[in-house]
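Number of protein chains: 2
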Amino acid sequence: MNSTARTAAIGIDVGGTDIKGGLVTSDSRVITKTTIATEVNKGVDHVIGRMIELIRKLDAEAKNGGYDVPAVGVGMPGTLSRRHGTIIAPPNLPGWRNIPLVERLEKAIPHRVFLDNDANLAAYGEYASGAGRGVRDMVMLTLGTGIGSGIILGGQLFRGEGENAGEFGHMIVQIDGRLCGCGQRGCMESYTSARHLIARVTEELQAGQSSSLKKTLEQNGKIEASDIARAAQAGDLLAKTVWEDACRYLAVGCMNIHAGIDPERIVFAGGMSNAGDFLLHQIHRFVAAMASDMLGEFPDLRIAELGNDAGFIGAAMHTFAG
Amino acid sequence: MNSTARTAAIGIDVGGTDIKGGLVTSDSRVITKTTIATEVNKGVDHVIGRMIELIRKLDAEAKNGGYDVPAVGVGMPGTLSRRHGTIIAPPNLPGWRNIPLVERLEKAIPHRVFLDNDANLAAYGEYASGAGRGVRDMVMLTLGTGIGSGIILGGQLFRGEGENAGEFGHMIVQIDGRLCGCGQRGCMESYTSARHLIARVTEELQAGQSSSLKKTLEQNGKIEASDIARAAQAGDLLAKTVWEDACRYLAVGCMNIHAGIDPERIVFAGGMSNAGDFLLHQIHRFVAAMASDMLGEFPDLRIAELGNDAGFIGAAMHTFAG
């Protein structure tokens, strides 16, 4: 075992429901990982206490295993200030307003703490030890309720001057198109998010369209993006139409990312990405039909590999990035 | 005078009509500049001979002025290989196929030669000593027959993994929209290029629409983008409609660049940019009407400052970038 392998950083990823954490070596092996409930309703101090508890537990495990811990990486939902180490106003953590999180954690634990945006760290995790291994430039699109994204350029997280880069979900792909949650019209997100897919299926069912998803809705009281993917794969006509339309807009999104920053790879994470090759195949098909070959080789499209662990792995790995 | 100011690089910018060249200090003063005809019809050897002649002339002027010349930067239209120093197949230089230009120049002159794409070097010129001074991240859009672009990130030219980054003109802003020269539908270029503006005006005139541009066409035998800008400013209804529509699509292009890479500044060069504040004002107006304020502060929009000198200035300045 070489000296590098005796170093392992702690990464934690704080969400509205869970805090995930782990001990990760600089060569990206996960030594141990653990998840606890965030208990966000018990207030800011309580949650910070739970974070400290989790970090101390991982720290003890590092000591037992003979690992040096150089730093702790913490991923939190935005908005936050990396430079000041403060949480500004994250929509999913009510009550968190201008909290000097790094200062408070560093008082309680004997390590430097690096705070960053959870979506960026998840992208970094996939870059460092998941579907982005082996490339230097990568974009990750997280296909969830909304569309998140993270950019790696030259092996580093790219955030832009105002730290707002990577909002590819809000690229306009249809001027004067559908109203997006952000207030713009025609954003890629407004055609490809789980929210949009579910809304379209629900509308069509209410309009009397027949579909196997009607039964899903009756049985479960709701429809999820994964239900739509499954029904589309099974050949359900409504599901197929809605799914393929979303893939067509995702193809345009990838084409625009290619034209703009020409990354070597685009990685898909989040709900829709669980469809795996079924997703990639559809996107490839629309790219083949729509994209100009004058714009050079198309980025490699991949499904993310780390699932919900990407955030804490990226948080830990990014502390090694200097 | 400090020692830095005694160093001046030679930059040359080769176009289908002219070769522009100059001697530029590392603090971006243009000591001397000159333009000669490319005489592209006389063949590759002849043009390379003229380039060598121009470089020697500038080299002699450097010696007379007491300047050390560290290197020569050469901007050429694509396609080319920076790494191999070869010209591959530039559309505007017929007969140039796989020419080892750097090798041939370095045999004839006593300096290292750096070859790069002319659009990238023009963007670098504006960054280093024009409308991009003072920022680290900048995108330049060159509004010409087509839409060119160049990206500066962290003070360096950004080209992407496949060296095809910065094709913002080929971002799709209207899925299934107008057919673009690249073969895609709905590219920003297909709504904003001079080619598009002129085609739209010509179509409308042929359809019997009244406009002051009819007289322009009769007098000059053609209409140029600058005629449309002038007529729009003078209140001509057809010109105003076409111009404003192009500005609306440019606004969407800027919004997408903002969402994607969030540069501090977007600089406009080329024909349409001669309209100056008339262009910026219109784009700002459409951005204000369409853009979400949830995506952070909008980039600063500016008109390029160096005109046709941007290419050779960028070629020279980029040799100092290491």
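Chains as they are written, first to last, in the numbering used here: chain A, 3 to 324; chain B, 3 to 324.
Idealized CB from N, CA, C, for every residue including glycine.
Open item on the list: Considering only the alpha carbon of each residue, which of R52(B), P112(B), H260(B), H198(B) lies closest to W245(B)?
Closed with: For the residues R52(B), P112(B), H260(B), H198(B), the minimum Cα distance to W245(B) belongs to H198(B).
- [ ] Note down, in chain order, every chain B residue with its Cβ under 8 angstroms from the Cβ of L297(A).
- [x] For L297(A), the chain B residues whose Cβ falls inside 8 angstroms of its Cβ are N166, E169, H172, C184, in order along the chain.
Task: Bridge partners - N119(A), DSSP secondary structure assignment - done: DSSP, once it has assigned bridges, lists M78(A) as partnering N119(A).
TODO: Please work out which residues of its chain come closer than 8 angstroms, Cβ to Cβ, to S212(A), disregarding the five sequence neighbours upstream and downstream, and give them in chain order.
DONE: Cβ within range, chain order: L240.
- [ ] Could you check if K44(A) is buried or exposed, using at least 16 other CB atoms within 10 Å of its CB as the buried criterion?
- [x] With fewer than 16 other Cβ atoms within 10 Å, it is exposed.
TODO: With a floor of 3 residues, list each beta strand (DSSP E) that falls wholly inside the segment 216-291 of chain A, ordered by position along the chain.
DONE: DSSP runs (the beta strand (DSSP E)) wholly in the segment 216-291 of chain A: 267-271.
Open item on the list: Could you tell me the alpha carbon to alpha carbon distance between G171(B) and H286(B), rounded to whole angstroms?
Closed with: Their Cα atoms are separated by approximately 19 angstroms.
Task: Cβ-based contacts, 7 angstroms cut-off: residues of the segment 254-266 of chain A near chain B - done: Cβ contacts with chain B come from V254, M257, N258, A261, G262, I263, D264, P265, E266.
Open item on the list: Which residue marks the beginning of the beta strand (DSSP E) containing G51(A), and which one marks its end?
Closed with: Per DSSP, G51(A) is not a residue of any beta strand (DSSP E); the alpha helix (DSSP H) it occupies stretches across 46-67.
TODO: Could you name the residues of the same chain whose beta carbon sits closer than 7 angstroms to that of N100(B), not counting the 5 residues immediately before and after it, in chain order?
DONE: Excluding the 5 residues flanking it on each side, N100(B) has same chain C-beta neighbours closer than 7 angstroms at T88, I90, in chain order.
Open item on the list: I need the DSSP call for G313(B), collapsed to helix, strand or coil.
Closed with: Taken through DSSP and simplified to helix, strand or coil, G313(B) comes out as helix.
Open item on the list: My parser needs the alpha helix (DSSP H) runs of 4 or more residues fully inside the segment 151-208 of chain A; what are they?
Closed with: Within the segment 151-208 of chain A, the complete alpha helix (DSSP H) runs of at least 4 residues are 191-194, 196-208.
TODO: Report the option in M274(A), A64(A), G156(A), D264(A) whose CA atom is closest to the CA atom of G148(A).
DONE: Answer by Cα proximity: M274(A).
- [ ] Quick one: using the 10 Å Cβ neighbour count with 16 as the cut-off for buried, is K22(A) buried or exposed?
- [x] Around the beta carbon of K22(A), a 10 Å sphere encloses 16 or more other beta carbons of the protein chains shown; the residue is thus reported as buried.
Task: Buried versus exposed, by CB contacts within 10 Å (16 or more), R202(A) - done: R202(A) is buried by the Cβ-count criterion.
TODO: Could you pull out every residue in the same chain whose Cβ sits closer than 6 angstroms to the Cβ of D178(B), ignoring the five residues on either side in sequence?
DONE: Closer than 6 angstroms at Cβ, skipping near neighbours: R187.
Open item on the list: So, for L56(A): in the same chain, excluding its five sequence neighbours on each side, which residues have a beta-carbon less than 8 angstroms away from its beta-carbon?
Closed with: Hits under 8 angstroms: I14, I21, G23, T36, I38.
- [ ] Flag M78(A) as yes if its beta-carbon sits less than 8 angstroms from any beta-carbon of chain B, otherwise no.
- [x] Not an interface residue.
Task: Buried versus exposed, by CB contacts within 10 Å (16 or more), A167(B) - done: Buried, since its Cβ has 16 or more Cβ neighbours within 10 Å.
Task: CA-to-CA distance, V49(B) to L107(B), given in whole angstroms - done: Spanning the two alpha carbons is a distance of roughly 11 angstroms.
Open item on the list: When you compare the CB of A323(A) with every CB in chain B, is at least one pair closer than 8 angstroms?
Closed with: Cβ-Cβ to chain B under 8 angstroms: no for A323(A).
Open item on the list: I believe L25(B) touches A62(B) by the beta-carbon criterion, under 8 angstroms. Please report the beta-carbon distance rounded to the nearest angstrom.
Closed with: Actually they are not in contact, since the Cβ atoms of L25(B) and A62(B) sit about 10 angstroms apart, beyond 8 angstroms.
Open item on the list: Classify Q284(A): buried if its beta carbon has 16 or more other beta carbons within 10 angstroms, exposed otherwise.
Closed with: The C-beta of Q284(A) has 16 or more other C-beta atoms within 10 Å across all chains shown, which makes the residue buried.
Open item on the list: Tell me the DSSP secondary structure of T37(B) in three-state form.
Closed with: In the three-state DSSP reduction, T37(B) falls in the strand class (E or B).
TODO: Please report the residue range of the beta strand (DSSP E) in which A10(B) lies.
DONE: Segment 10-16, the beta strand (DSSP E) holding A10(B).
Open item on the list: Excluding the 5 residues flanking C182(A) on each side, which residues of the same chain have their C-beta closer than 6 angstroms to its C-beta?
Closed with: Excluding sequence neighbours, C182(A) sits near C189, E191, S192.
Open item on the list: Strictly under 8 angstroms for the Cβ-Cβ distance: is M292(B) near chain A by that measure?
Closed with: M292(B) counts as touching chain A.
Task: The alpha helix (DSSP H) enclosing V104(A), as first and last residue numbers - done: Taken as a continuous stretch (DSSP letters only), the alpha helix (DSSP H) holding V104(A) covers 103-110.
Open item on the list: Is E191(A) close to chain B? Criterion is C-beta to C-beta, closer than 8 angstroms.
Closed with: Taking Cβ atoms only, chain B never reaches closer than 8 angstroms to E191(A), which makes this a no.
- [ ] Could you tell me if S151(A) is buried or exposed, where buried requires 16 or more neighbouring beta carbons within 10 angstroms of its beta carbon?
- [x] Under this definition S151(A) is a buried residue.
- [ ] Measure the CB-CB distance between M173(B) and I154(B) and report whether it falls below 8 angstroms.
- [x] No, Cβ-Cβ distance for M173(B) and I154(B) is not below 8 angstroms.
TODO: List the whole-angstrom C-beta distance separating R232(B) from R267(B), where the pair is believed to meet the contact cut-off of C-beta under 8 angstroms.
DONE: Not really, about 27 angstroms apart at Cβ, beyond 8 angstroms.
Open item on the list: Just to confirm the assignment, what range does the beta strand (DSSP E) spanning R304(A) have?
Closed with: Element bounds for R304(A): 302-305.
- [ ] Starting from the beta carbon of I177(B), find every residue of chain A whose beta carbon is closer than 9 angstroms, and list them in chain order.
- [x] Contact of I177(B) with chain A by beta-carbon distance below 9 angstroms involves V175, Q176, G179, G188, Y193, R250, Y251, V254, M292.
Task: Exposed unless 16 or more other CB atoms sit within 10 angstroms - verdict on P265(B) - done: Flag for P265(B) reads buried.
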